[in-house]
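Residues in the sequence shown are numbered consecutively from 1, following UniProt numbering.
Quick reminder that beta carbons are idealized off the backbone N, C-alpha and C, glycines included.
The structure appears below as structure tokens.
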Amino acid sequence: MDQPMAAYDDSNIFAKILRGEIPSHRVYEDDDTIAFMDVMPQGPGHLLVVPKAPSRNLLDADPLVLGKTIAIVQRLAVAAKAAFAADGVSIFQFNEPAGGQTVFHLHFHVVPRFDGVPLQPHSGKMEDSAVLAEGAAKVKAALAA
Ligand code: 5GP
Numbered sequence: 001m002d003q004p005m006a007a008y009d010d011s012n013i014f015a016k017i018l019r020g021e022i023p024s025h026r027v028y029e030d031d032d033t034i035a036f037m038d039v040m041p042q043g044p045g046h047l048l049v050v051p052k053a054p055s056r057n058l059l060d061a062d063p064l065v066l067g068k069t070i071a072i073v074q075r076l077a078v079a080a081k082a083a084f085a086a087d088g089v090s091i092f093q094f095n096e097p098a099g100g101q102t103v104f105h106l107h108f109h110v111v112p113r114f115d116g117v118p119l120q121p122h123s124g125k126m127e128d129s130a131v132l133a134e135g136a137a138k139v140k141a142a143l144a145a
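Pasting the structure below:
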């Protein structure tokens with residue numbers, strides 16, 4: 001049966017990143033959106049694109065916010081593909097625990113992909129901060145190019 005969805009809770013980790021309470025390797029920010037490196041990447045250059053407006057996931061998001069966010073997802077997908085000389089890019093977006101979501105503030109995953117290379121597990125192993133910083137610098141350079 002259809003379950004009622006929990007309310008948005010601003011104690012989630014991405015709300016803390018948005019408020020600057022915990023650090024992240026940011027690659028992009030505008031009035032509505034931020035993007036930063038995933039700390040447990042499923043591959044090199046795994047990014048998260050996060051609207052600033054609070055919503056738990058896509059199911060309760062404002063369609064106008066979704067529109068702005070997906071445009072930034074596209075920009076970052078193009079930049080990340082170039083930055084990592086990838087063969088393709090996977091975009092993931094999960095809704096509710098049954099849908100694979102673990103952090104309950106809307107976000108899109110942008111993952112550069114390489115022919116024949118499988119993804120690492122979702123929320124698997126913490127990456128070194130230096131590797132994340134290097135990846136963020138590459139994406140920022142590609143965005144600026
Ligand atoms: P979800 O399962 O909700 O779609 O994805 C949440 C993502 O957030 C996972 O890929 C996980 O690795 C990432 N993540 C969890 N905690 C943190 C954090 O503190 N900082 C960053 N940058 N990513 C995180």
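What's the gap between the Cα of residue i and the Cα of residue j?
i: M40; j: V27; result: 16 Å
i: residue 149; j: F114; result: Given a span of 1 to 145 for the chain in the structure shown, any question on residue 149 remains unanswerable.
i: V65; j: N95; result: 16 Å
i: P118; j: A7; result: 35 Å
i: E21; j: R56; result: 19 Å
i: D32; j: P54; result: 11 Å
i: I72; j: D2; result: 32 Å
i: G135; j: A98; result: 31 Å
i: V131; j: K125; result: 13 Å
Whose C-beta lies closer than 6 Å to the C-beta of residue i among residues of the same chain, with five residues either side of it excluded?
i: F92; result: H109
i: A35; result: V27, Y28, L47, V49 and L76
i: V111; result: Q42, G43, H46 and S90
i: A83; result: K138, V139 and A142
i: H105; result: N12, F14 and A15
Among residues of its own chain, excluding the 5 on either side of residue i, which ones have a beta-carbon nearer than 7 Å to its beta-carbon?
i: H107; result: F14, L48, V49 and V50
Checking the sheet assignment: what are the DSSP bridge partners for residue i?
i: P4; result: Note: P4 sits in no beta bridge, so no partner.
i: L48; result: F36 and H109
Please work out which residues of its chain come closer than 8 Å, Cβ to Cβ, to residue i, disregarding the five sequence neighbours upstream and downstream, and give them in chain order.
i: K68; result: D32, T33 and P51
Using a beta-carbon distance below 9 Å, is residue i in contact with chain C?
i: I34; result: No chain C is part of this structure, which consists of one protein chain only.
At 3 residues or longer, what runs of the beta strand (DSSP E) sit wholly inside the stretch 94-120?
108-113
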